[in-house]
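Data block below; observations after.
Protein chains: 4
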Amino acid sequence: MTNTQVTLVQIDNYGPWTVTPEPRREADLQTMQSRLYADISQFVGNRGGYVFFSRFDNMIAVTNGLSMADHELLQESVNNRYPVTLSLGVATGTSPVQALADATTLVQEAGSAQDKSRRECLKGRAIETAHQTADDVQIAHFDVINATGNYTDELNAFDTFIEIEQGYAELMRHMRTAHESLSFFVGGDNIIVTCPDLTEGDYEDAIHHVEDAVDVELQVGVGRGENAHDAGFAAKHALEICRADGTRVEVDW
Amino acid sequence: MTNTQVTLVQIDNYGPWTVTPEPRREADLQTMQSRLYADISQFVGNRGGYVFFSRFDNMIAVTNGLSMADHELLQESVNNRYPVTLSLGVATGTSPVQALADATTLVQEAGSAQDKSRRECLKGRAIETAHQTADDVQIAHFDVINATGNYTDELNAFDTFIEIEQGYAELMRHMRTAHESLSFFVGGDNIIVTCPDLTEGDYEDAIHHVEDAVDVELQVGVGRGENAHDAGFAAKHALEICRADGTRVEVDW
Amino acid sequence: MTNTQVTLVQIDNYGPWTVTPEPRREADLQTMQSRLYADISQFVGNRGGYVFFSRFDNMIAVTNGLSMADHELLQESVNNRYPVTLSLGVATGTSPVQALADATTLVQEAGSAQDKSRRECLKGRAIETAHQTADDVQIAHFDVINATGNYTDELNAFDTFIEIEQGYAELMRHMRTAHESLSFFVGGDNIIVTCPDLTEGDYEDAIHHVEDAVDVELQVGVGRGENAHDAGFAAKHALEICRADGTRVEVDW
Amino acid sequence: MTNTQVTLVQIDNYGPWTVTPEPRREADLQTMQSRLYADISQFVGNRGGYVFFSRFDNMIAVTNGLSMADHELLQESVNNRYPVTLSLGVATGTSPVQALADATTLVQEAGSAQDKSRRECLKGRAIETAHQTADDVQIAHFDVINATGNYTDELNAFDTFIEIEQGYAELMRHMRTAHESLSFFVGGDNIIVTCPDLTEGDYEDAIHHVEDAVDVELQVGVGRGENAHDAGFAAKHALEICRADGTRVEVDW
């Protein structure tokens, strides 16, 4: 049974900071947000986790394998190197959506995202190493079948982008509503989803749902592991089988 | 009349690179993609342009003020510092969508995104400095009214994310279809759109369309300028007026 | 007794890469070298180690607390994100210089720094966690007494730089020859040295030696710990006592 | 005749910031310093200049081709993305050392490096585009003859480092005292020097001086140009001739 550890990463007081004393250059905000995300991706990724950029001022991570001390070090390191600080909420559960809801509540209870006095809150509980199991995380890696041939080399770049976004928006809502799962677009034509224990049938349904709703054809590789990297890497390999064999769903067990 | 210069930035042969000889660690791909985008944001932004991460392997930029020599330098600098290379197509026009379509065609004609032998193609034409005018670029900066109060401090972080995505997906399609405009989510609850000459009425329609379709309330500040930074900065200031006065649409002229 | 774990980090085939097919833009080489160093500093630093930029194509790190698996992950991550790769040699010993000599030999035996076929060699042994002790690392943090008042606010910036370099060159040779220690300039007027078990008298001698030889007045804080961060942080606090009390040598035990 | 434009880049109030409220993690300071330098290298380098890391809290740049407006943009961009700010002094002259002295004075007059209230001072004058000539900058690129064969593949990495530092310290003093030149170690076994109009004989003397004083054998390529990149690139090519032909001094005119 899955036991997903989810961390909500929220920049403190970001909205006001971006316009105080005057609005800041957009290109600089984009640079800073992206590099902050990239650093968190290295920190979390080097410990077996995945972090998703989401809205950049609020990022969502699957952090099985990271302790509360690790979370504290991340905060300290960002404080030493950026003009902003982070608040972190950590929670676990069978349902990824429930774990994220709990993590969010921990941060909300500490104060508003635009509360000038809420800085670097750190709340929650991490799974102890001794309690980690090889089933804790289930990751599904979806991509669009032959995106390059069907879209990238054919349509203008924005219409390709619209198609990918349709596929993502549809999958995101379906997986959250039907399966308590969290879906993230990660670039190209790839969507990574952290799920509870789902079956091959659940993934086939998801693919058909998206195809029927918005006419975007997905395939998916699914993996399980002790942490997001292990599960996600198995999912990548399963997806390679889809690509090689022309199948729509491949699970790694 | 607008004369938008649009550049399509496409990483060469990226799909195959990410899985050769084996799939690469996802966290590292995220880090590299984000830092590459951040660097392009600095390069383009320091010359008055805006670049949007879009799909990360394909990025779209408004590059009024950048010459073809500037584009060539960007390619050279990335080649010296990253394990990937970029192909660039540059085109201009009254319609941002048309300009992007032309830029895309230039790159597609040079070869597929996964063509091993297509590297660092650079094609197109930039607007000469002498021909730049203060009307060339129109930027609209939308955000969700009181996102912090209505969503961030209330819902779990993924459900907030879903709401913002709905608003974006709806606005993106409407602005492209009805107004030949290119819309980009830039973090938080912000969407930046590059438009041809639109009226206040056009923006009011867009806002009502999104509210009716997905129940997400937007406000917008609009600016014009010789380049994306000038237009975008004016748009940011106009948006501050919306926030202060409670209006839904503010234009900077 | 100290047991310093030292890692030599050497970029593979770097000299030839910088001029193939043509010499590369110097500013890009500087950017890449610095960012590669910064990433290694985060990776090593987040695990309690210190890495020093040294010559940038060859970097020296005190890596107590990092396992061989950690070193392998660092190589993999750099391979995924940079146009160059790293070879690593790891060795331990009472004498930091001897440990570095052993680490260097491991890499040299695998092949020349400009051997096209030597890539990502990883050799050596790390201290097992169970064998770490609070005495393993001794770090001394030197700085120039009142550098700002005596130099930075008085001389032109290059003459200040020359003075700091004199102090560094003299200290570096003395500490290596007399005390088997490795000294690194880390910016500003700061030099960090990894030492075997030295006494307060040894540090007083070092300070007097530098003052007599090049007329640069240093003070020093010294700390011990299980890893470089612990020892170095204690050293920083000891140095603050020098600054507050006007003493020349403060040890943290 | 040379007309070198030199900029002193000084981080405001850095010493106090690194220890307030407590000393900050050394690895984070190293990361931030290096990334700040890398960003300045991109900004300055993309406009034809060179910046040298020097002491990291004080950096020296050859900025022919950058206007005062460019310098102001650099300050603004750093302010938007880092927890520190920069003060800049800009001056020009036949003598690089004199230009640097003037640039330093401009910053010192605005306030101490540790003056809490001195922030983002910007003073000086840039060379107007119309007045730039192909002789303005002379760059010499020195390296150690066969460093890899003689040192890197033979000695332990610190003893190689000591040898390179000896060569640098000696060259640095000689070039400043005898020739009003500014010398900077840039990694590997490379030293880049910005000079006034020197002759081949001056470079031969410099090489013999260093060989006699510290037994380190250097070779040098020299170039001239309108800016540091043009001059430095010509110098790199001249150095390649030294490497190919076994000569000690090659000038590009």
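Residue numbers (the working numbering), protein chains in the order written: chain A, 231 to 483; chain B, 231 to 483; chain C, 231 to 483; chain D, 231 to 483.
Glycine included, every Cβ here is placed at the ideal spot set by N, Cα and C.
Being a predicted model, the structure only gives us computed values, none of them experimental.
Please report the distance separating the alpha-carbon of residue i from that of residue j.
| i | j | result |
| --- | --- | --- |
| C/LEU296 | C/TYR280 | 11 Å |
| A/ALA408 | A/GLY453 | 19 Å |
| B/THR237 | A/THR261 | 18 Å |
| D/ALA291 | D/ALA370 | 15 Å |
| B/ILE227 | D/VAL249 | Here chain B covers residues 231 to 483 and nothing more, so residue 227 of chain B does not appear. |
| D/ILE421 | D/ARG406 | 14 Å |
| C/PHE227 | D/ALA329 | Absent from the model: residue 227 of chain C. The displayed extent of chain C is 231 to 483, so no value can be given. |
| B/VAL479 | A/ALA299 | 47 Å |
| A/THR234 | A/LEU316 | 22 Å |
| D/ILE484 | C/MET402 | With chain D covering 231 to 483 only, the question about residue 484 of chain D has no answer from this structure. |
| A/PHE372 | B/ILE357 | 40 Å |
| A/GLN449 | B/THR363 | 48 Å |
| D/VAL274 | D/VAL367 | 15 Å |
| A/ASP435 | B/ARG311 | 43 Å |
| D/ASP365 | D/ASN288 | 27 Å |
| D/VAL327 | B/CYS425 | 51 Å |
| A/GLN263 | A/PHE286 | 6 Å |
For a test of the three-state rule: what should DSSP assign to residue i, helix, strand or coil?
| i | result |
| --- | --- |
| D/VAL337 | helix |
| D/ASN310 | helix |
| B/ASP373 | strand |
| D/LYS466 | helix |
| B/ASN224 | No statement about residue 224 of chain B is possible, as the shown extent of chain B runs from 231 to 483 and does not include it. |
| A/LEU235 | The question names Leu, but residue 235 of chain A is Gln in the sequence shown. If DSSP states are grouped into helix, strand and coil, A/GLN235 belongs with the strands. |
| A/PHE283 | coil |
| B/SER325 | coil |
| D/ASP427 | coil |
| B/ALA331 | helix |
| D/GLY245 | helix |
| C/SER228 | Any property of residue 228 of chain C remains undetermined from this structure, which presents chain C solely from 231 to 483. |
| C/ASN380 | helix |
| C/GLY397 | helix |
| D/GLU252 | coil |
| A/ASP442 | helix |
| D/LEU385 | coil |
| A/ARG403 | helix |
Who does residue i pair with in a DSSP beta bridge?
| i | result |
| --- | --- |
| B/ARG454 | B/GLN368 |
| B/GLN240 | B/ASN288, B/SER317 |
| D/PHE477 | According to the sequence displayed, residue 477 of chain D carries Thr and not Phe. Its beta-bridge partners do not exist; DSSP assigns none. |
| A/GLY421 | Position check: residue 421 of chain A holds Ile in this sequence, whereas Gly was assumed. According to DSSP, which records beta bridges pairwise, A/ILE421 is partnered with A/PHE372, A/PHE415. |
| B/GLY354 | B/VAL320 |
| D/LEU448 | D/VAL374 |
Taking buried to mean at least 16 other C-beta atoms within 10 Å of its own C-beta, is residue i buried or exposed?
| i | result |
| --- | --- |
| D/PRO251 | exposed |
| B/THR232 | buried |
| C/GLY417 | buried |
| A/PRO246 | exposed |
| B/THR378 | buried |
| D/ALA360 | exposed |
| C/GLY301 | Just to set this straight, residue 301 of chain C is His in the shown sequence, not Gly. Classification of C/HIS301: buried, given that the 10 Å Cβ count is 16 or more. |
| A/THR477 | exposed |
| C/GLU393 | buried |
| C/THR429 | exposed |
| C/ALA458 | buried |
| A/ALA468 | buried |
| C/GLU410 | buried |
Determine, using beta-carbon pairs with one atom in the stretch 452-463 of chain A and one in the stretch 255-264 of chain B, whether at least three such pairs fall under 8 Å.
-> Touching, yes, given that three or more Cβ pairs across the two stretches are closer than 8 Å.
Evaluate contact between the stretch 337-350 of chain C and the stretch 258-274 of chain C, counting only Cβ atoms and requiring at least three cross-stretch pairs below 8 Å.
-> With the cut-off at 8 Å, the stretch 337-350 of chain C and the stretch 258-274 of chain C do not touch.
Between the stretch 440-458 of chain B and the stretch 386-405 of chain B, do three or more beta carbon pairs fall short of 8 Å?
-> Three or more pairs of CB atoms, one per stretch, sit closer than 8 Å, so the stretch 440-458 of chain B contacts the stretch 386-405 of chain B.
State whether the stretch 298-315 of chain C contacts the stretch 349-356 of chain C, with contact taken as three or more CB pairs (one from each stretch) at a distance under 8 Å.
-> The answer is yes - the stretch 349-356 of chain C touches the stretch 298-315 of chain C, with three or more Cβ pairs under 8 Å.
Three-pair Cβ contact test at 8 Å for the stretch 328-335 of chain C versus the stretch 386-394 of chain D = The stretch 328-335 of chain C vs the stretch 386-394 of chain D: in contact.
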